[in-house]
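Residue numbering for the sequence shown follows our numbering, starting at 18 and increasing by one per position. Just so it is clear, CB atoms sit at the ideal spot from N, CA and C, and this is done for glycine as well. Note that the structure is a prediction, hence the values are computed from the model and not measured.
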Amino acid sequence: MGKSSVQIRSGDLNIICDAGIKLDEPPTHPLDPGKIDALFLSHSHLDHCGYIPGFFARQKFPLYLTKPAAEVSHMLQMDSLKIDRLKGYKTSYSESDVERLSASEIPVGYGEKKRFHGKMDFTFLDAGHIPGSAGILFELEGKKVFYTGDTNAHKTRLLNEAQYPEEVDVLICESTYGGRLHPPRGIVEKKFLEDVKDTLERGGIALVPAFAVGRAQEVLMVLRDLMEPIYLDGMARKAAHMMLKYPEFLANPKQLEEAVSNAYMVEGRRMRREIVRQGPAVIVTTAGMLEGGPVLDYLGRLHNDPNSSIILTGYQVEDTNGRLLIEKGFVVDEESRKRFKVDMNISQYDFSAHSDHNSLVESTKKMNPEHVVLVHGDLEAENALKQDLDGFKVHTPKIGDVLGV
């Protein structure tokens with residue numbers, strides 16, 4: 018139905034898994050699903066939760082999700098609405114629609130088997146992607162259908178590894194990293210820390226852009242033993258405090274609490290200016306792909322400093338400032354209408370929260386589905402996975418396609 022949203026129909030039952038927005042200019046949203054009986058949210062990233070208030074503005078339905086997913090998704094939906102208005106885009110919902118969602122939300126814990134309308138059982142399983150993320154197992158009409166959402170089969174400092182059901186009939190599986198492998202996380206962390214320390218020894222500032230939800234908090238945990246001051250800026254501050262309210266959804270809640278308490282919370286441009294003036298420091302800030310947020314304020318002050326570094330913590334999507342920085346060595350601040358040539362040291366590390374190719378193939382084979390439906394990946398990624406899933410009925414649907422299984 019779009020990025021990312023999947024419809025499951027069984028008899029007169031119409032179930033929606035996720036309702037995200039594709040972060041184009043302007044953002045695009047899923048197709049009209051008709052009357053929704055229930056919506057199930059796998060996790061609170063905008064490409065999965067961003068359009069839920071848009072559907073809710075037109076009709077009411079129960080929304081099943083974990084407690085951290087509820088709180089974080091509201092924060093991101095409100096922020097998305099603010100950005101759309103600043104850019105002059107037409108909005109599909111209002112603040113009151115987001116606020117009214119709470120009355121229809123039904124929190125679900127991991128491993129709790131629930132019944133819906135006497136027609137379907139469902140179970141949320143830890144997806145290992147961000148705090149509160151879930152893969153969702155549906156049992157209906159004698160079949161087991163598992164929707165992975167975004168999934169990570171490997172444990173990190175922040176999160177436990179994803180859990181999967183033993184056998185399913187239909188697997189709806191993300192394919193983001195089809196055809197690509199992640200380096201060992203321990204090696205990534207070691208090289209990342211070396212890069213940060215080298216920057217500090219030069220007297221520079223290590224600017225670390227990171228996604229507000231999940232990535233920024235994990236990076237803080239990696240950095241927590243450094244002696245130099247560490248600052249946290251942007252929406253990542255609020256997200257970190259939200260996560261600490263739900264320790265049961267974290268692998269190491271005490272370590273995260275220590276990392277957050279050791280970091281200084283940045284409040285406004287005056288404090289940013291003072292941090293840059295004072296010298297060696299580490300700044301973890303949004304946005305992870307340099308598309309707005311405090312990172313552009315810092316770049317405006319640091320871009321011509323060869324002793325400082327900008328250390329990217331994940332993949333940079335095409336047509337983002339992050340990709341522009343890697344390929345061309347400059348970024349564009351649309352708000353101030355300025356273009357910065359970046360003389361800082363530029364590096365990139367793979368802190369991905371998605372399973373890579375081999376992990377996706379391995380987990381699929383263990384679940385042994387009759388049908389595999391690949392979503393959330395480009396055609397190249399889907400085809401790479403399809404080649405290694407020989408013996409399964411693999412589907413690579415386009416938006417609007419209907420599969421009968």
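Which of the three DSSP states, helix, strand or coil, is assigned to residue i?
i: phenylalanine 357; result: strand
i: glutamate 42; result: coil
i: valine 213; result: helix
i: lysine 84; result: helix
i: lysine 362; result: The question names lysine, but residue 362 is asparagine in the sequence shown. The answer is strand: DSSP assigns asparagine 362 an E or B state.
i: phenylalanine 423; result: The first residue shown for the chain is 18 and the last is 422, placing residue 423 beyond what the model contains.
i: valine 398; result: Here residue 398 is alanine; the residue named in the question, valine, does not match the sequence. Helix.
i: aspartate 242; result: coil
i: glutamine 76; result: coil
i: valine 348; result: strand
i: alanine 233; result: helix
i: aspartate 96; result: helix
i: arginine 197; result: coil
i: asparagine 31; result: strand
i: phenylalanine 163; result: strand
i: methionine 260; result: helix
i: isoleucine 204; result: helix
i: leucine 307; result: coil
i: phenylalanine 266; result: helix
i: arginine 26; result: strand
In chain order, what residues of the same chain have a beta carbon less than 6 Å from the beta carbon of residue i, not counting five sequence neighbours either side?
i: lysine 403; result: Val411
i: serine 109; result: Gly71
i: histidine 171; result: Glu178
i: alanine 398; result: Ser192, Gly195 and Gly196
i: threonine 165; result: Gly152, Cys190 and Glu191
i: glutamate 158; result: Ser27
Which residues does DSSP pair with residue i in a beta bridge?
i: asparagine 375; result: Bridge partners of asparagine 375: none, in fact.
i: threonine 413; result: Bridge partners of threonine 413: none, in fact.
i: glycine 152; result: Leu142
i: proline 124; result: Leu82
i: histidine 388; result: Val187 and Lys410
i: aspartate 314; result: Partner(s): none; aspartate 314 has no beta bridge.
Spatial neighbours of residue i within its chain, please: CB distance less than 8 Å, with the 5 preceding and 5 following residues excluded, ordered by chain position.
i: methionine 384; result: Phe163, Tyr181, Pro182, Glu183, Glu184, Val185 and Leu188
i: glycine 417; result: Met18 and Leu48
i: leucine 420; result: His388, Val390, His412 and Pro414
Grab me the residues of residue i's own chain with a C-beta within less than 7 Å of its C-beta, minus the 5 sequence neighbours each way, in chain order.
i: alanine 280; result: Leu237, Ile247, Tyr248 and Leu249
i: alanine 55; result: Ile32, Phe78, Pro79, Tyr81 and Phe133
i: glycine 305; result: Pro226, Ala227, Phe228, Arg232, Thr330 and Gly331
i: alanine 198; result: Position check: residue 198 holds leucine in this sequence, whereas alanine was assumed. Same-chain partners within the cutoff: Asp373, His374 and Asn375.
i: alanine 298; result: Ile222, Glu245, Pro246, Tyr248 and Ile292
i: leucine 319; result: Ile222, Leu224, Val293, Ser325 and Met361
Please report how far the alpha carbon of residue i lies from the alpha carbon of residue j, in whole angstroms.
i: valine 23; j: methionine 282; result: 38 Å
i: lysine 107; j: glutamate 265; result: 39 Å
i: leucine 261; j: glycine 408; result: 44 Å
i: aspartate 395; j: leucine 377; result: 15 Å
i: isoleucine 327; j: isoleucine 300; result: 10 Å
i: arginine 254; j: lysine 160; result: 42 Å
i: aspartate 350; j: glutamine 365; result: 21 Å
i: leucine 176; j: glutamate 387; result: 30 Å
i: valine 277; j: leucine 240; result: 10 Å
i: methionine 95; j: glycine 51; result: 25 Å
i: valine 205; j: asparagine 321; result: 27 Å
i: arginine 289; j: phenylalanine 368; result: 25 Å
i: histidine 60; j: methionine 137; result: 21 Å
i: glycine 220; j: lysine 208; result: 19 Å
i: aspartate 215; j: glycine 346; result: 21 Å
i: glycine 251; j: leucine 224; result: 13 Å
i: valine 230; j: proline 148; result: 8 Å
i: leucine 142; j: arginine 102; result: 36 Å
i: threonine 337; j: glycine 135; result: 46 Å
i: glutamine 333; j: alanine 256; result: 22 Å
i: glycine 312; j: glycine 152; result: What sits at residue 312 in the sequence shown is valine, not glycine. In a straight line, the C-alpha of valine 312 is about 32 Å away from that of glycine 152.
i: glutamine 272; j: serine 27; result: 44 Å
i: aspartate 29; j: threonine 140; result: 21 Å
i: glutamate 275; j: alanine 268; result: 14 Å
i: glutamate 284; j: lysine 130; result: 43 Å
i: valine 89; j: histidine 146; result: 14 Å
i: leucine 2; j: leucine 63; result: The requested residue 2 is not part of the displayed model; the chain covers only 18 to 422.
i: lysine 39; j: lysine 20; result: 5 Å
i: lysine 382; j: leucine 406; result: 8 Å
*Using 8 Å as the Cβ pair cut-off and three pairs as the minimum, do the segment 63-70 and the segment 38-47 touch?*
yes
*Assess, as a yes-or-no matter, whether the segment 112-127 is touched by the segment 338-352 under the definition of 3 or more beta carbon pairs within less than 8 Å.*
no
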